[in-house]
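FYI, the numbering for the sequence shown is 1 to 181, going by the UniProt record's numbering. For glycine and all other residues, C-beta sits at the position ideal for the given N, C-alpha and C. Quantities reported herein were computed from a predicted structural model and do not represent experimental measurements. Okay, structure first, notes after.
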Amino acid sequence: MEFWDVYDVDRKKTGRTWQRGNRLENGDFHLVIHVCIFNKDGQMLIQQRQPFKDGWSNMWDITVGGSATVGDTSQQAAMRELEEEIGLKLDLSHTRPHLTVNFDEGFDDIYLVETDVDLDELTLQQSEVQAVQWADEATILERIQAGTFIPYYESMISLLFSMRKQWGAIYSYEKKESSRA
């Protein structure tokens, strides 16, 4: 049985918890995280869900994702999901999510991390993940169109690839100019 903190519309914990599988009350929200790992070649680490997994079975997905459990910060949830699903230990305790996307029942924090990972050294969670591989943006978009990847908005996938090395929504010419000095 898994329990999640309940948040209000301002993303403040209400002090109440919610059991996974039950419907949230109107005006209640929960926190979900996703972590996208990119390598130096600009490819994203993707995972294939197990065929027996409820929801999106056998489909490819971004690196890891899941709900924050009671007491988790966003960063703690991200680190836990990385370790649980693919056996990767990363310290994200001082990292902010690059993006937060609101959905009907909550907030989805998305972390974009660049680090090279040896796929042979990962330990896949047998109850969740059947395979992992590196994929470029075009491959992920092709799989979405083919129906073998969770149907994220294609523009969202492009945004993840665009944002992986920057912060903010505006391209900064100042940063580029200051790096030349």
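Handout entry: Cut-off 6 Å between Cβ atoms - residues of its own chain near D136, not counting five sequence neighbours on either side
Key = Q43
Exercise for the section: Check whether the Cβ atoms of D109 and T123 lie closer than 8 Å to each other. Expected result: With contacts defined by Cβ atoms closer than 8 Å, D109 and T123 do not form a contacting pair.
Practice task
Give the single residue among E114, V129, F149, D8 whose Cα lies nearest to the Cα of K165.
Solution key: E114
Practice task
Starting from the N-terminal side, write out each stretch of the alpha helix (DSSP H) that is 4 residues or longer and does not extend beyond the UniProt domain "Nudix hydrolase" (28 to 157).
Solution key: 74 to 86, 137 to 146
Handout entry: Same chain, Cβ closer than 6 Å to D28, five either side skipped, listed in chain order
Key = Closer than 6 Å at Cβ, skipping near neighbours: V6.
Exercise for the section: Could you pull out every residue in the same chain whose Cβ sits closer than 6 Å to the Cβ of G66, ignoring the five residues on either side in sequence? Expected result: E81
Problem - Alpha-carbon spacing of T167 relative to V35, whole angstroms - result: In the sequence as displayed, the identity of residue 167 is Trp instead of Thr. One C-alpha to the other measures close to 15 Å.
Problem - Span separating the alpha-carbon of Q75 from that of V32 - result: 11 Å
Exercise for the section: Have a look at the DSSP bridge pairing and note the partners of W4. Expected result: W18
Exercise for the section: Determine, using beta carbons only, whether V129 and E85 come nearer to each other than 8 Å. Expected result: Less than 8 Å divides the Cβ of V129 from the Cβ of E85.
Handout entry: Other residues of its chain near V70: CB distance less than 7 Å, five sequence neighbours each side excluded
Key = F3, W4, D5, T17, listed in sequence order.
Exercise for the section: Compare the C-alpha of E121 against each of Q133, H94, A146 and name the closest. Expected result: Q133
Exercise for the section: Take Q50 and list the residues in its own chain whose beta-carbon comes closer than 8 Å to its own, dropping the five residues that flank it on each side. Expected result: S57, N58, Q126, S127, E128, V129, Q130
Problem - Strand pairing of K13, partner residues [DSSP] - result: Y7
Problem - For A68 and L24, the rounded distance between their alpha carbons - result: 15 Å
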